[in-house]
Structures are given as C-alpha cells and as structure tokens.
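Q: For the sequence shown, numbering that gives the first Met the number 0 gives the first residue as 0, with consecutive numbering after it.
Glycine included, every Cβ here is placed at the ideal spot set by N, Cα and C.
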Amino acid sequence: MGTTAWIVLGVLAVVLLYAILLYNGLIAGRNQVEAAWRQIDVQLKRRRDLVPNLVEAVKGYMAHERETLDAVIRARNAAVGAADGPREGQIQAEAALSGSLGRLFALSESYPDLKANQNVLQLQEELSSTENKIAFARQHYNDSVMAQNTRVESFPAVLVAGSMGFGKHPYFEVEEQDRAVPQVKLR
Numbered sequence: 000m001g002t003t004a005w006i007v008l009g010v011l012a013v014v015l016l017y018a019i020l021l022y023n024g025l026i027a028g029r030n031q032v033e034a035a036w037r038q039i040d041v042q043l044k045r046r047r048d049l050v051p052n053l054v055e056a057v058k059g060y061m062a063h064e065r066e067t068l069d070a071v072i073r074a075r076n077a078a079v080g081a082a083d084g085p086r087e088g089q090i091q092a093e094a095a096l097s098g099s100l101g102r103l104f105a106l107s108e109s110y111p112d113l114k115a116n117q118n119v120l121q122l123q124e125e126l127s128s129t130e131n132k133i134a135f136a137r138q139h140y141n142d143s144v145m146a147q148n149t150r151v152e153s154f155p156a157v158l159v160a161g162s163m164g165f166g167k168h169p170y171f172e173v174e175e176q177d178r179a180v181p182q183v184k185l186r
C-alpha cells in the first residue's frame, strides 16, 4: 500500500473514532438526563402520596374551605394522572400541585387549632422536606438537561443528532405564579 492509502485509512479511522465518541457522549448525556428525572420522580411520588394525608388531617378544621381542599385533590389527581405521560405534562401538573399546596398552607394561617395539630405539623414538615429534595433534584435535572441540550446543539453533533434520535429535553421550570413563596408559619 502506498502512502496515500495509509493517509486515507488514517483519516477514516479518526473520523470513525470521532463518530463513536460523539455517539457515546450523546448516549451518556441522555442517560444522565433520564437518571436525573427519575430522582425527581421519586420525590414527586412521595409528595403525591403525602397530599391525601394532609388534606384528610385539615379537613375537619377547614370544613368551609372545601373549594381549596378540592383544588388540592384535583391538582394531586392530575399529577398522578400525568405521571406516566409526556414529561412536559408532568412538569405542568406538578407545578399546579405546588401552587395549590401553597394556597392551602397560606390559608391554614387563619386556623389556630390547625396550626397546633401535631399530625398537621408533622405532615407539613414532611412536605417541606420533600419540597427541598424536589428542588435539589430539579436543579440536578436542569443541569443535566443543559449539558445534554448543549451537546445536541453543538457543532458537529447538531448535524447528526436529530437523525440519530437525539433531541432537546425540557427544563423543569417553576410557573410564574408559583415563584412567590407563601409564608407558612404553622407553629
């Protein structure tokens, strides 16, 4: 074989190696995004499981606030229903649940007996802890999404990523109306 043939084989080997590394990087990024979402999903399920207990605990104290309690249950049921659907739908349903829980906690300020109930306090503490875990998991997920979206949109991956089934992932963003955190003081 001549020198030209070796050069052509060398170039082809480098291109092939680069294509393999590019593909493996895209796969690793997609897997990281999926693993990060699973961490969020675990915490969201925990929150969805706590909500009925909280509503049941406050029901006796807030009997005439039925509309608020019903809104929380509807939001929780929507979040449960969206859990197996597209990620964008899950994000929207969970944001609605966060908003309705915030309104419930803000409204609970008007009930001194409710603020002193140990069961309600414990559930509120568990939900608060779960919300913190969700926030941490959401940050990790969004970091993973940013890294993968950057990989997919960067040259030269952008030339082949779409044809190989790699697309952009949605960020887990807080809805504008849920950015204001209600002040909750149940103690």
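If I follow the unbroken alpha helix (DSSP H) through Asn52, where does it start and stop?
A: DSSP places Asn52 inside the alpha helix (DSSP H), whose first and last residues are 2 to 58.
Q: Measure the Cβ-Cβ separation of Ser143 and Ala70 and say whether it is below 7 Å.
A: no
Q: Sorted by chain position, which residues of the same chain lie with C-beta nearer than 6 Å to Ser99's C-beta, five sequence neighbours on each side aside?
A: Ala70, Val71, Ala74
Q: Taking three-plus beta-carbon pairs below 8 Å as touching, is the segment 115 to 131 in contact with the segment 38 to 54?
A: Short answer: they touch.
Q: Out of Asn148, Leu53, Met61, which has the shortest C-alpha to C-alpha gap to Gly161?
A: Asn148
Q: Among the residues of its own chain, which have a CB less than 8 Å from the CB of Ala146, if the five just before and after it don't count?
A: Here the set comprises Gly28, Gln31.
Q: According to the neighbour-count rule (16 or more other Cβ atoms, all chains shown, within 10 Å of its Cβ), is Ala136 buried or exposed?
A: buried
Q: For His139, which residues of its own chain have a beta-carbon under 7 Å away from its beta-carbon, when the five flanking residues on both sides are left out?
A: Ala35, Gln38
Q: Mark Ser107 as exposed unless 16 or more other C-beta atoms lie within 10 angstroms of its C-beta, in which case mark it buried.
A: buried
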